[in-house]
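Chemist:
Residue numbers (my numbering), protein chains in the order written: chain E, 2 to 207; chain P, 2 to 207.
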């Protein structure tokens, strides 16, 4: 792509560094900003810079937060003995939307992935282990995505906790509610049969 | 979407103001920036702000440019009597990539669109008309997209130029090179028959 302006080229280059945004999309976005009032670009720049510079993480659960303790961790009504281990803030938001979980979270900040060069020391695993060691947690629910990396991370943490009395569980894998059996993949369908649940328990919510 | 941080919410909101970027994508992009070094966010913000504040438009063709005259307009080898009328800089880049055009451009900055509230006075039509009136242009090539808005804009400019000796043409519409006839839409195929060209001219490039 040949640009007639260095400023434009720079802006498009920086925009195209974002994941899933190629040069063409970046150019479209940048040209859109040029057509909008200058204030919109200023607000976008300010918001991004402010976030990146002033962002804090909850000292308890490592979730993104503006305060030292996030709203979930500082809510006395939530059960601090039950902790759900998730990858990032999007998973917290997804689970919160269900309204089915009243415990605390622990945000790892990623999954162990040798290919991407992410090891256990890059994630907030050590604080989780010491929280469990201190005896304040009775149940740990693993809610990482069921990929190779997710399973590795689950297993790594599980190994670290051997010998502690903490109960560990993982969220149920199975056929999504409303889905047709015939279109389900074999692994999921197979797991859903192995991990079948008593019929009386199947219509109980929360 | 419930956010645990006002800073995060702000950044996601501003990002989702860009066209084609919803709240979920915006969150994904913003979280990506949080995982990258602070310098990446700083560079993105600076590039966008610099572009928006310091951007200039070529005084001749209204294309985005860092100088008073863009590189095309200041190139003495280009034919200034032949002007291609386009919507925005992306069209200039697309035509330049073909290597088939050696004239100048005139960037309108959009198309007449009553629905979006864009009238002739919002586009750089008046400078084009006065350039033609001054007699320095011998041929005007309309290269707007063939939509209702594009056709309206072409026709509006054409009407303004009635009485001047300028030659006007429009880029050929027809079956794309390499396409199968059976899959072509009727309007395009119909036009390609009406506007058929002499066979001897059909394999001449530039």
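Positions of the beta carbon are idealized from the N, C-alpha and C atoms, including for glycine.
So, does the CB of residue 84/P fall closer than 8 angstroms to a CB anywhere in chain E?
Modeler: No, residue 84/P does not count as interfacial toward chain E.
Chemist: Rounded C-beta distance between residue 85/P and residue 70/P? I'm assuming under 8 angstroms.
Modeler: Not quite, the Cβ-Cβ distance comes to about 17 angstroms (not below 8 angstroms), so this is no contact.
Chemist: Does residue 88/E come within less than 8 angstroms of chain P when only Cβ atoms are used?
Modeler: It does not: the Cβ of residue 88/E has no partner Cβ on chain P nearer than 8 angstroms.
Chemist: Once DSSP output is grouped into helix, strand and coil, what is the label at residue 165/E?
Modeler: DSSP places residue 165/E in coil when its eight states are reduced to three.
Chemist: Residue range of the beta strand (DSSP E) that residue 142/P falls in?
Modeler: Where residue 142/P is concerned, the enclosing beta strand (DSSP E) stretches over 140-143.
Chemist: Is it the case that the Cβ atoms of residue 17/P and residue 27/P are separated by a distance below 8 angstroms?
Modeler: It is a contact, given that the beta carbons lie within the stated cut-off.
Chemist: Distance, Cα to Cα, residue 9/E vs residue 97/P?
Modeler: Distance between the alpha carbons of residue 9/E and residue 97/P: 17 angstroms.
Chemist: With DSSP collapsed to three states, give me the class of residue 130/E.
Modeler: Helix, per DSSP.
Chemist: Just the C-alpha distance for residue 47/E and residue 46/P, rounded to the nearest angstrom, thanks.
Modeler: Spanning the two alpha carbons is a distance of roughly 7 angstroms.
Chemist: Between residue 157/E and residue 121/E, how many whole angstroms is the CB-CB distance? I'm expecting something under 8 angstroms.
Modeler: That belief holds up - the Cβ atoms of residue 157/E and residue 121/E are roughly 6 angstroms apart, short of 8 angstroms.
Chemist: Just tell me which of 83/P, 51/P, 30/P, 34/P has its CA closest to the CA of residue 11/E.
Modeler: When only C-alpha atoms are compared, the closest one is 51/P.
Chemist: Taking buried to mean at least 16 other C-beta atoms within 10 Å of its own C-beta, is residue 31/E buried or exposed?
Modeler: Answer is buried; the Cβ neighbour count reaches 16.
Chemist: For residue 79/P, which residues in chain E fall below 8 angstroms Cβ to Cβ?
Modeler: Neighbours of residue 79/P on chain E: none; closest Cβ ~13 angstroms, over 8 angstroms.
Chemist: Counting along the chain, where does the alpha helix (DSSP H) carrying residue 191/P start and finish?
Modeler: First-last of the alpha helix (DSSP H) with residue 191/P: 187-195.
Chemist: Between which two residues does the beta strand (DSSP E) harbouring residue 108/E extend?
Modeler: Segment 104-108, the beta strand (DSSP E) holding residue 108/E.
Chemist: Residues of chain P with CB closer than 8 angstroms to the CB of residue 105/E, please, in chain order.
Modeler: The contacting residues do not exist; residue 105/E stays about 13 angstroms from chain P at best.
Chemist: Below 8 angstroms CB to CB, which residues in the same chain sit around residue 195/P once its five sequence neighbours on both sides are set aside?
Modeler: Correct list: empty, nothing qualifies.
Chemist: Any beta-carbon of chain P closer than 8 angstroms to the one on residue 15/E?
Modeler: Judged by the 8 angstroms Cβ criterion, residue 15/E is in contact with chain P.
Chemist: Identify each residue in the segment 27-43 of chain E for which the Cβ-Cβ distance to at least one residue of chain P is less than 9 angstroms, and report them in chain order.
Modeler: Listed in sequence order: 28, 29, 30, 31, 32, 33, 34, 35, 36, 37, 39, 41, 42, 43.
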